[in-house]
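Please read the structure below before turning to the comments.
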Amino acid sequence: MTVRRGLVQATAIAASAAICAAGAATIAAGTASAAPPAAVLQVTGTDIVPVPAGPCFGTIHVDFEVVPGHPDQTTVNLTPNGTYGSIPGCEVPVNVSWQNGIAPFNHVESTLAANGRTSTTITAGQGLSLVSVGAGAYLGGLPSWVSSGYLWL
1 MTVRRGLVQA TAIAASAAIC AAGAATIAAG TASAAPPAAV LQVTGTDIVP
51 VPAGPCFGTI HVDFEVVPGH PDQTTVNLTP NGTYGSIPGC EVPVNVSWQN
101 GIAPFNHVES TLAANGRTST TITAGQGLSL VSVGAGAYLG GLPSWVSSGY
151 LWL
């Protein structure tokens with residue numbers, strides 16, 4: 001067995017165990033959505049946290065749902081908890097980026113969090129992907145806290 005293959009297998013086993021535990025906790029907590037939640041091991045939390053600026057404040061909650069019938073796709077939901085992404089003048093450009101084993105390996109989907117809950121669907125591919133969701137531009141000249149984690153489809 002090569003060192004690379006051993007590292008890939010060890011990483012996959014560790015990530016699978018953590019994702020299964022996180023998925024079980026999510027399922028136990030229940031969900032109001034019709035689509036099942038995607039298994040995600042969050043590294044930096046579940047919220048985008050922009051710095052308050054003028055009338056804009058709050059966080060944007062990020063969650064993922066499996067797209068029924070498409071095992072390689074997930075819907076990324078952005079739910080405002082404040083005025084960011086929910087009122088005119090506080091729109092947030094958001095980049096959803098993911099890294100996986102499919103060339104070119106790093107992929108980006110851009111959307112605009114505006115007028116309440118916003119969703120976008122990405123094709124991350126089946127298996128393990130590192131997904132980061134963050135403000136696509138510095139808001140008020142300052143960066144935001146990004147939500148990122150390992151997604152298993």
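The working numbering puts the sequence shown at residues 1 to 153.
Every residue, glycine too, gets a C-beta built ideally from N, C-alpha and C.
On a predicted model such as this, the values are computed, not experimentally measured, just so you know.
**Study point:** Short Cβ contact (8 Å threshold) for Thr-120 with Val-67
**Key:** Along the sequence shown, read from residue 1 onward, the residue named residue 120 stands at position 120. Along the sequence shown, read from residue 1 onward, the residue named residue 67 stands at position 67. Cβ atoms of Thr-120 and Val-67: not closer than 8 Å.
Review point. Between Ser-144, Leu-128, Gly-141 and Ile-60, which lies nearest to Trp-98 when the distance is taken from Cα to Cα?
Key: On the sequence shown, residue 98 is found 98 positions in, with the first residue counted as 1. Nearest option by C-alpha distance: Leu-128.
Review point. Going by the beta-carbon positions, is the gap between Thr-118 and Leu-78 smaller than 8 Å?
Key: Within the sequence shown, residue 118 is the residue found at index 118, counting from 1. Within the sequence shown, residue 78 is the residue found at index 78, counting from 1. The answer is yes: Cβ separation under 8 Å.
Check your understanding: What three-state label does DSSP hand Ala-135 in the structure shown?
Key -> On the sequence shown, residue 135 is found 135 positions in, with the first residue counted as 1. In this structure, Ala-135 counts as strand in the three-state DSSP scheme.
Review point. Considering only C-alpha positions, which residue in the set Ala-135, Thr-59 and Ala-39 is nearest to Pro-71?
Key: Taking the first residue of the sequence shown as position 1, residue 71 is located at position 71. Nearest of Ala-135, Thr-59 and Ala-39 to Pro-71, Cα basis: Ala-39.
Practice item. Please report how far the alpha carbon of Leu-130 lies from the alpha carbon of Trp-145, in whole angstroms. Key: As a first step, residue 130 must be located in the sequence shown, where it is residue number 130. As a first step, residue 145 must be located in the sequence shown, where it is residue number 145. Their Cα atoms are separated by approximately 16 Å.
Point to revise | Exposed unless 16 or more other CB atoms sit within 10 angstroms - verdict on Pro-55 | key: Counting from one through the sequence shown, the residue named residue 55 turns up at place 55. So Pro-55 counts as exposed.
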